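Residue numbers (the UniProt record's numbering): 1 to 260.
Single-structure report; data block below.
Structure below.
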């Protein structure tokens with residue numbers, strides 16, 4: 001059995017407590033490993049169904065301060081892992097078929113819109129959950145608005161959907177609107193989500209469009225933004241697949257070479 005170090009959630013919290021930002025080189029490598037792992041599972045018709053930071057372990061928690069990347073990205077402090085190899089674990093909710101499935105399972109803070117709406121789901125749910133995990137790993141500052149453990153405690157499904165349509169600037173797909181019209185009073189006659197007061201107003205104030213969370217000071221940040229945005233597509237039918245994501249520009253290993 002392989003020995004595993006800290007999970008990504010604990011390591012993120014440690015870095016945040018020390019004032020460090022995540023190395024984008026590590027994030028690129030980890031994103032590639034996890035995307036390839038999902039591609040492998042989905043090729044064999046396996047859905048993990050609970051991808052999140054606590055279910056991703058580092059082989060080692062050793063790290064050092066990377067002054068070169070900090071200078072390149074115009075950041076104060078950047079933490080670089082000595083070994084950025086990761087492993088996915090906890091397959092207790094795994095589905096050994098592509099479905100479609102309707103069972104409610106997973107962690108709501110990482111669930112895609114189709115799961116929140118009790119719609120049928122399949123392999124795209126893993127891609128959304130990976131996008132969420134990478135977004136939280138990237139923005140590890142204290143008070144990170146994407147701390148979805150807090151979201152899981154505070155937000156209703158309705159508020160979660162409002163948050164994402166506000167962040168992604170993407171309206172709900174027609175089939176999802178019809179799902180809401182058929183079973184909820186969450187939408188008005190025009191198909192727009194109606195917030196619950198006062199939490200709905202707080203969501204609009206707190207969660208800004210996704211691009212505002214990415215300081216575009218380096219080309220890799222721009223590629224990362226589009227990579228995560230493609231994974232967080234509201235409509236599972238048009239969400240990028242793990243196989244296609246492997247060819248995304250962000251996973252091109254030649255894009256970022258810090259100065260020595």
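Positions of the beta carbon are idealized from the N, C-alpha and C atoms, including for glycine.
Because the structure is a prediction, the values reported are computed rather than measured.
| said: If you measure between the beta carbons of residue 213 and residue 135, is that distance less than 9 Å? | reply: Yes, these two residues count as a Cβ contact at 9 Å.
| task | Find out if the Cβ-Cβ distance for the pair residue 176, residue 113 is shorter than 9 Å. | result | Residue 113 is positioned such that its CB atom lies closer than 9 Å to that of residue 176.
| Between residue 244 and residue 30, what straight-line distance do the alpha-carbon atoms span, to the nearest angstrom? | Going by the C-alpha atoms only, they are around 17 Å apart.
| message | Going by DSSP in three states, residue 53 sits in which element: helix, strand or coil? | response | Helix.
| field | Beta-carbon contacts of residue 5 that lie in its chain and below 7 Å, excluding the five residues immediately before and after | value | Once the five neighbours on either side are set aside, the close Cβ partners of residue 5 are 57, 58, 59, 60 and 61.
| Which of helix, strand or coil does DSSP assign to residue 82? | Looking at residue 82 - three-state DSSP - the assignment turns out to be coil, as it is neither helix nor strand.
| task | Please check if any C-beta of chain E sits within less than 9 Å of the C-beta of residue 86. | result | The structure shown contains no chain E, having only a single protein chain.
| Do residue 131 and residue 231 have their C-beta atoms within less than 9 Å of each other? | Yes, the Cβ-Cβ distance between residue 131 and residue 231 is below 9 Å.
| Run of the alpha helix (DSSP H) containing residue 114, from where it starts to where it stops | Counting along the chain, the alpha helix (DSSP H) containing residue 114 begins and ends at 113-116.
| request: Classify residue 218 as helix, strand or coil using the three-state DSSP reduction. | output: Assignment of residue 218 by DSSP, reduced to helix, strand and coil, places it in the coil class.
| query | How many angstroms separate the CA atom of residue 85 from the CA atom of residue 27? | reply | About 11 Å.
| query | Going by Cα to Cα distance, which pick from 24, 126, 12 and 37 is closest to residue 240? | reply | Looking at the Cα atoms, 126 is the closest of the given residues.
| task | Would you kindly report the start and end of the unbroken beta strand (DSSP E) that includes residue 63? | result | Element bounds for residue 63: 63-65.
| task | Could you tell me the distance, in whole angstroms, from the CA atom of residue 263 to the CA atom of residue 98? | result | Shown here, the chain extends from 1 to 260; a query on residue 263 therefore has no answer.
| request: Using alpha carbons as the reference points, say which of 51, 233 and 3 lies closest to residue 278. | output: Residue 278 falls outside the range modelled here, since the chain spans only 1 to 260, and no answer is possible.
| request: Would you kindly check if the distance between the Cβ of residue 118 and the Cβ of residue 129 is under 9 Å? | output: Not closer than 9 Å, so no.
| said: Our contact map puts residue 8 next to residue 53 with C-beta atoms below 8 Å; I'd like the distance itself, whole angstroms only. | reply: With a Cβ gap of about 4 Å, residue 8 and residue 53 count as contacting.
| task | Give the DSSP-derived three-state secondary structure of residue 224 in the structure shown. | result | In the three-state reduction of the DSSP assignment, residue 224 falls in the helix class.
| If you drop the 5 nearest sequence neighbours on each side, which residues of the same chain put their C-beta closer than 7 Å to that of residue 106? | Within the same chain, residue 106 has close Cβ partners 49, 50, 93 and 115.
| Quick one: what does DSSP say residue 47 is sitting in, helix, strand or coil? | Three-state DSSP puts residue 47 in a strand.
| query | Where residue 221 and residue 178 are concerned, what is the direct C-alpha to C-alpha distance, given to the nearest angstrom? | reply | C-alpha separation (whole angstroms): 36 Å.
| request: Measure the C-alpha to C-alpha separation of residue 23 and residue 33 and round it to an integer number of angstroms. | output: Spanning the two alpha carbons is a distance of roughly 15 Å.
| field | residue 87 (DSSP reduced to helix, strand or coil) | value | DSSP places residue 87 within a strand segment (E or B) once states are collapsed to three.
| request: Could you name the residues of the same chain whose beta carbon sits closer than 6 Å to that of residue 248, not counting the 5 residues immediately before and after it, in chain order? | output: 227, listed in sequence order.
| request: Could you check what DSSP says for residue 42 in three-state terms: helix, strand or coil? | output: Shown here, residue 42 sits in a helix according to DSSP, grouped into three states.
| message | DSSP three-state label for residue 76, please. | response | Looking at residue 76 - three-state DSSP - the assignment turns out to be coil, as it is neither helix nor strand.
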